Amino acid sequence: MNIMKLIFLIFIGASFASYADGSDTSKKLAQEVPIADVHRHVQKWVSPELLKQQMEKHNVAWSGAVGAPFGPFDTTPYTKLLQNKYIATTGQVELGDIYQELGAAGLTDINVRTYQDLLVRADKLFASGQIKGFGELILNNKDSNPNVQFRRKVKIDSAPIDSIFAVADKYKGFVQIHSEDDSDSIEELKILSNKYKNTSLILSHCLFTSNVDLVRNLLANSINLYCEMSARSRSHFINPESDRAKRLIVYTDDSVSPEWVALIEEFPTRFMVGTDTYNPRINFEKNIEEIRGGLLRGLKPLTIEMVAYKNAVRVMRLN
Ligand SMILES: [Zn+2]
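For any residue, its number in the working numbering is found by taking its place in the sequence shown, counting from 1, and adding 183.
Dropping the structure here:
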């Protein structure tokens with residue numbers, strides 16, 4: 184064996200070894216790291232006690248950042264039991280009521296009484312530290328909700344949503360919005376995030392987009408935009424083999440899309456995780472398994488910590 188060949192073999196061996204080490208470190212860390220679940224709907228079927236048990240069992244250190252749209256509506260008992268570990272928000276139930284009563288037109292009407300009351304109440308809740316943000320505000324789910332009655336698409340930078348951002352901005356809070364990736368919706372989101380720089384705009388389900396370049400451009404151009412990766416795992420889809428599901432699934436319980444890994448590694452401070460337990464069919468435990476075994480497992484160790492909880496802790500000022 185000549186010396187060059189020997190050096191080459193040593194080099195190859197070393198690079199495989201370091202890959203295996205990094206991979207093992209990621210695998211272990213992904214299973215052990217605490218998680219901030221920033222898309223956890225508390226619902227009739229998840230009592231405060233059950234939520235606490237689930238969080239302790241699965242090392243989920245913080246939960247919430249969206250509302251309780253199907254009841255219990257009042258999330259105070261969750262805060263009472265979990266204190267700063269429950270990420271309290273407002274707005275989702277109110278927008279749900281407006282939509283139910285007045286349809287899509289109501290969602291863009293600043294004169295609706297429910298909006299007026301929400302803005303006054305939210306200001307007080309922020310001032311007293313009882314909420315961290317608004318959400319989930321569902322403004323464009325025209326294709327992404329299985330229930331046709333629940334689908335809507337409205338102008339996102341309308342007067343009432345602008346006012347919501349103004350309140351959040353005053354307290355450096357966040358606004359979590361569920362929108363799909365239509366170009367008009369994207370432009371409206373950009374207008375709000377540029378106008379309200381103190382506000383962190385969290386994009387639920389990372390816009391339900393399969394266009395990583397779109398997300399790449401958005402993140403590169405707006406420093407206060409973040410992606411939340413719930414409902415992008417295999418178990419969330421009733422028919423995971425459908426074309427639509429295949430396009431939208433980013434991770435399974437043991438794999439993650441390489442193009443999304445590249446995007447997350449390019450913007451490691453801008454991604455967060457969530458379980459989106461919006462109905463009893465959504466299996467919380469399975470979602471945690473997919474987050475740990477698929478999404479986080481595919482990232483570098485420092486990125487794992489950021490995506491699992493450090494980004495949420497920083498942006499939402501959790502403790
Ligand atoms: Zn949701």
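C-beta atoms are modelled at their ideal positions from N, C-alpha and C, and glycine is treated no differently.
Quantities reported herein were computed from a predicted structural model and do not represent experimental measurements.
For residue i and residue j, what's the separation of their Cα atoms in angstroms?
{"i": "isoleucine 281", "j": "asparagine 294", "result": "11 Å"}
{"i": "isoleucine 447", "j": "valine 433", "result": "12 Å"}
{"i": "glycine 312", "j": "glycine 250", "result": "17 Å"}
{"i": "glutamate 371", "j": "asparagine 381", "result": "17 Å"}
{"i": "phenylalanine 309", "j": "aspartate 292", "result": "23 Å"}
{"i": "lysine 235", "j": "serine 206", "result": "31 Å"}
{"i": "methionine 412", "j": "tryptophan 443", "result": "11 Å"}
{"i": "leucine 384", "j": "tyrosine 269", "result": "19 Å"}
{"i": "asparagine 324", "j": "valine 496", "result": "28 Å"}
{"i": "methionine 171", "j": "isoleucine 218", "result": "Any property of residue 171 remains undetermined from this structure, which presents the chain solely from 184 to 502."}
{"i": "leucine 482", "j": "arginine 427", "result": "25 Å"}
{"i": "serine 416", "j": "serine 376", "result": "27 Å"}
{"i": "tryptophan 245", "j": "threonine 297", "result": "29 Å"}
{"i": "lysine 263", "j": "valine 225", "result": "14 Å"}
{"i": "valine 398", "j": "aspartate 367", "result": "15 Å"}
Which residues does DSSP list as the beta-bridge partners of residue i?
{"i": "asparagine 394", "result": "According to DSSP, which records beta bridges pairwise, asparagine 394 is partnered with nothing at all."}
{"i": "asparagine 323", "result": "Lys336"}
{"i": "tryptophan 245", "result": "Ala219"}
Measure from the alpha carbon of residue i to the alpha carbon of each residue in the options, then state which is nearest.
{"i": "isoleucine 487", "options": "Leu212, His388, Thr435", "result": "Leu212"}
{"i": "serine 209", "options": "Tyr492, Val496, Arg480, Leu501", "result": "Arg480"}
{"i": "aspartate 306", "options": "Phe348, Ser387, Asp326, Arg334", "result": "Phe348"}
{"i": "serine 341", "options": "Leu322, Asn330, Ala445", "result": "Leu322"}
{"i": "glutamine 214", "options": "Arg500, Asp436, Arg497, Phe454", "result": "Asp436"}
{"i": "isoleucine 406", "options": "Phe450, Arg296, Ile471, Glu424", "result": "Phe450"}
{"i": "methionine 499", "options": "Asn404, Leu264, Ala351", "result": "Ala351"}
{"i": "phenylalanine 317", "options": "Gly274, Asp326, Leu482", "result": "Gly274"}
{"i": "glutamate 468", "options": "Tyr379, Tyr492, Lys378, His419", "result": "His419"}
{"i": "aspartate 345", "options": "Phe333, Ile360, Val331", "result": "Ile360"}
{"i": "lysine 227", "options": "Val216, Asp257, Asp220, Gly279", "result": "Asp257"}
{"i": "aspartate 459", "options": "Cys389, Gly356, Phe357, Thr262", "result": "Cys389"}
{"i": "glycine 279", "options": "Pro463, Leu320, Gly476", "result": "Leu320"}
Which class does residue i belong to by DSSP, given the choice of helix, strand or coil?
{"i": "lysine 355", "result": "coil"}
{"i": "valine 496", "result": "helix"}
{"i": "glycine 289", "result": "helix"}
{"i": "serine 416", "result": "strand"}
{"i": "phenylalanine 454", "result": "strand"}
{"i": "tyrosine 261", "result": "helix"}
{"i": "serine 405", "result": "coil"}
{"i": "serine 383", "result": "strand"}
{"i": "glutamate 363", "result": "coil"}
{"i": "threonine 273", "result": "strand"}
{"i": "phenylalanine 348", "result": "helix"}
{"i": "valine 439", "result": "strand"}
Legend entry - At least three beta-carbon pairs within less than 8 Å, the region 329 to 339 to the region 297 to 313: With the rule of 3 Cβ pairs closer than 8 Å, the region 329 to 339 does not count as touching the region 297 to 313.
Inset, instruction - Mind the definition here: the region 237 to 254 touches the region 389 to 407 only if three or more C-beta pairs lie below 8 Å; say whether that holds. - result: Verdict: no, contact absent.
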